[in-house]
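Numbering (our numbering), first residue to last: 88 to 258. Think of the CB as a built atom: it goes at the ideal place given N, C-alpha and C, for glycine as much as any other residue. These notes concern the structure reproduced below.
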Amino acid sequence: MAVINGTVYWNKTVVPERFMGNQNESLKWSIDIGNLDDKAVKVLQALGLEHKVKNKAEGTGTKGADPSDVRGDFVTFSTKVEREDGTPNKAPRFIDADKNELHPDSNGWLGNGSQVNVAFDAWPSKHGGKNMTMKTIQVIERKEFTPAADDELDVVPGGFVNDDEIPFPSN
Numbered sequence: 088m089a090v091i092n093g094t095v096y097w098n099k100t101v102v103p104e105r106f107m108g109n110q111n112e113s114l115k116w117s118i119d120i121g122n123l124d125d126k127a128v129k130v131l132q133a134l135g136l137e138h139k140v141k142n143k144a145e146g147t148g149t150k151g152a153d154p155s156d157v158r159g160d161f162v163t164f165s166t167k168v169e170r171e172d173g174t175p176n177k178a179p180r181f182i183d184a185d186k187n188e189l190h191p192d193s194n195g196w197l198g199n200g201s202q203v204n205v206a207f208d209a210w211p212s213k214h215g216g217k218n219m220t221m222k223t224i225q226v227i228e229r230k231e232f233t234p235a236a237d238d239e240l241d242v243v244p245g246g247f248v249n250d251d252e253i254p255f256p257s258n
């Protein structure tokens, strides 16, 4: 088993989701681990996983560049909830810095910017090349996800105001 350290982005490791909400996609646990240092990149290269390292700001391994992307060099860990034969996969395990078990209840529990170590296995893909499966996420520094508020919008004097009363259903 190998370990890399990095910054959490797009965490969906507690409650699995389908890619872009597509009902034809399999449920997956996934997470991007970004701002990889040279040591982490070398670990991935040594395992034959260099093709998994992406950099959206530079357009490396992605569909086009986005200079505003803050993830730096990153990898995406993605594990299907069920294998093709229907056998369930294990959900990622969570531990704290002292290796105590954690039992988060939502994806928001571990937000963007959290610092983690990820223990993972590398294995040959049936499509050629290699793939990787996250096993344990050790939380070093936790930042809870905070949804964006619409506070940046101001009241617009003279703008449209809904005067319709919306009845609440009675039970």
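Quiz item: For residue 99, which residues does DSSP report across the bridge?
Solution: 117
Quiz prompt | Residue closest to residue 217, alpha-carbon to alpha-carbon, out of 135, 156, 119, 113 | solution = 135
Self-check item: Counted within 10 angstroms of its Cβ, other Cβ atoms place residue 225 as buried (16 or more) or exposed
Solution: buried
Self-check item: Which listed residue (229, 131, 213) has its alpha carbon closest to that of residue 88
Solution: 131
Quiz item: Beta-carbon separation of residue 118 and residue 94 under 8 Å?
Solution: no
Quiz item: In chain order, which continuous runs of the beta strand (DSSP E) of length 3 or greater are located wholly inside the segment 195-228?
Solution: 202-211, 217-228
Quiz item: By DSSP, does residue 169 sit in helix, in strand, or in coil?
Solution: strand
Exercise. Name, in chain order, the residues that DSSP records as bridge partners for residue 141.
Key: 161
Exercise. Using three-state DSSP, classify residue 127 as helix, strand or coil.
Key: helix
Practice problem: State the Cα-Cα distance for the pair residue 207 and residue 140, rounded to the nearest angstrom. | Solution: 15 Å
Practice problem: With a 10 Å radius around its C-beta and 16 neighbouring C-beta atoms as the bar for buried, classify residue 160 as buried or exposed. | Solution: buried
Exercise. Could you say which of 212, 97, 201 lies nearest to residue 301 if we only look at CA atoms?
Key: Examination of residue 301 is not possible in this model, given that the chain is present from 88 through 258 alone.
Quiz item: Relative to the alpha-carbon of residue 181, which residue among 96, 172, 100 has its alpha-carbon at the smallest distance?
Solution: 100
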